[in-house]
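Going by full-length UniProt numbering, 301 is the number at position 301 of the sequence shown; the sequence numbering is gapless. The C-beta atom is built at its ideal place from N, Cα and C for all residues, glycine as well. For clarity, every value in this text was computed on a predicted model and none was experimentally measured. Note sheet for the following structure.
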Amino acid sequence: MFIFKSFKYLSTSSGCISNILNNSYFAHYNTKVDFFFNRKQELIKFRNVFNDEPQLHIVLGPPRQFDTPANVYNSIKSEFKSFITAHRDFLERILGSKFKMSYSHLEAGFNFSDTKEISSINVRSLLNDIKNCLPQWTIWNSYNIPSPILIIDEANMFDQLGNSDPTLLKSFLNWMVLNTKQENRFNIVLTSSDSFFLNWIVNQLNVPHVTPYIVGDLSKEEAKEYFEKHVLPYYECKELEGKFDHVCKITGTRMMIIRMYVKEYKINKGKLKDSEFSVFRLEDDNLSFGLNPVRFQGKPAPLWNKDDFIKVMKAIVEAEDRGYIKEMDLVNEIGVEKVRSLITYDLLHRRPTNNYANDIIDPPNEAILTAMNKPSIRAMECRLYDID
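In structure tokens:
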């Protein structure tokens, strides 16, 4: 799904950053959730960089049809128009006739209800109008107005747009570079859980215009705080108090998985076996495919065999305390094409950079591979036990 979640303020008390990392995706500023949990280290770092000079940021999160031009057009228009309208008087004073003309186009435009077909030309015209409606980043600062930020979730879906309309994709990418690096209008944040998205976007832009970050899982200390002070009280699950180490062994430190476990534990009245946890069951089923690979529709044929995958599982389980294996170590063991194939089929998660990652202590300055999550490691242990 391609969602524009644009132009929300990241102030010091921003609910956006509080919820940005909740389930490893960026949420609307006004999204209603049951509770917020500030990831303190990321909160400080991202607030600083997103309020600084415009950049094109790539935020890669933990793992788990691009729209038509009409949907792309309306998604962009709805978010930008609301922001620009809110600051219409200010922008008109700053930009004068240039703003008036572009804003009139933006206000007229098309809507979901319109029957006229929207083409790539309409999208490009809209992008140009938006550019003309916004001043440089320094103007916002000089008037003490929080500068706008465009956040695009699951940006890895860009490649589908490239397949259907490569010219529009190129126009959109050029527009992002223009408004960040070249004319300093606003920050843009692209989020993705695709291991290869960073490589793809850099290749598309031809030059390293992007700044990459990794949003990993919580540190163990943060996960314990989240578990004890937020999740247990929310589910009124006192019977799990003092049992964080046991739960963490099953769930790891990913917020969504911790919450799912406690919820299922509560539903099962405390009789949830580790092997019955839904995420464990899903990961165990995925390992069955890893041991007996077949081609999935829309993907290239898998290149590894059963023996290769057993080697991978052993390497991941043995490296659990460290939290990762080096990509090149596995490449030397089974070959680069097989490693890439395993990543493509979501049997391994690749981190091309470790910038801002807090869930792994002292990660190396090179690409690393991890299991998809902690339940996957538990399932690997069980599979290896049965194989031996």
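Rounded straight-line distance, which links the Cα of residue j to that of residue i
i           : j    : result
residue 475 : K98  : The structure shown does not extend to residue 475, since the chain is modelled only from 1 through 388, so no value can be given for it.
E225        : A371 : 24 Å
I152        : F197 : 13 Å
L240        : N373 : 21 Å
K229        : W200 : 40 Å
P293        : F46  : 40 Å
F277        : N358 : 26 Å
D52         : P62  : 25 Å
V279        : I257 : 8 Å
S376        : K311 : 15 Å
L190        : C248 : 30 Å
S82         : V49  : 24 Å
K238        : L60  : 35 Å
N122        : K263 : 47 Å
M260        : K100 : 50 Å
N128        : W175 : 8 Å
G298        : S104 : 43 Å
V202        : I360 : 25 Å
N179        : P352 : 26 Å
D274        : A379 : 10 Å
L134        : N268 : 54 Å
F158        : Q204 : 10 Å
K266        : K243 : 14 Å
K306        : K314 : 12 Å
D388        : P208 : 47 Å
A319        : L173 : 39 Å
C382        : N141 : 56 Å
L348        : L369 : 6 Å
R350        : Y143 : 42 Å
DSSP state of residue i mapped onto helix, strand, coil
i    : result
H349 : strand
S171 : helix
N48  : helix
V279 : helix
I361 : coil
L190 : strand
F90  : helix
R295 : coil
G290 : helix
K271 : coil
L95  : helix
E42  : helix
L106 : helix
W332 : In the sequence as displayed, the identity of residue 332 is Asn instead of Trp. Three-state DSSP puts N332 in a helix.
Q136 : coil
L303 : coil
N179 : helix
Range covered by the beta strand (DSSP E) that runs through residue i
i    : result
Y324 : Neither: Y324 is in no beta strand (DSSP E) and is coded neither H nor E.
V59  : 56-60
T370 : 368-370
The alpha helix (DSSP H) enclosing residue i, as first and last residue numbers
i    : result
H127 : Strictly speaking, residue 127 in this sequence is Leu, with His absent from that position. Where L127 is concerned, the enclosing alpha helix (DSSP H) stretches over 120-133.
D307 : 306-318
D386 : 374-387
R340 : 336-344
Distance between beta carbons of residue j and residue i, contact taken as under 8 Å
i    : j    : result
I94  : L150 : The Cβ separation is near 19 Å, so there is no contact.
I139 : N355 : Incorrect: roughly 29 Å between the Cβ atoms, too far for contact.
L303 : K338 : 5 Å
R185 : Q136 : 6 Å
K77  : L106 : 7 Å
T253 : D217 : 4 Å
E327 : A367 : 4 Å
V231 : I58  : Contact flag wrong, Cβ pair sits at about 30 Å.
D194 : N156 : 4 Å
L384 : V317 : 6 Å
G290 : F309 : 5 Å
E154 : S192 : 6 Å
Cβ-heavy atom distance, residue i to the ligand NAD, below 7 Å
i    : result
W137 : Of the ligands one can find in the structure shown there are none, so the ligand NAD has no counterpart to examine.
Beta strand (DSSP E) runs wholly inside the region 142-169, at least 3 long, in chain order: Counting only runs of 3 or more residues that sit fully inside the region 142-169, the beta strand (DSSP E) segments are 149-153, in chain order.
Continuous alpha helix (DSSP H) assignments of at least 4 residues falling wholly in the region 193-267: For the region 193-267, whole alpha helix (DSSP H) runs of length 4 or above, ordered along the chain, are 197-205, 220-226, 232-235, 244-251, 255-267.
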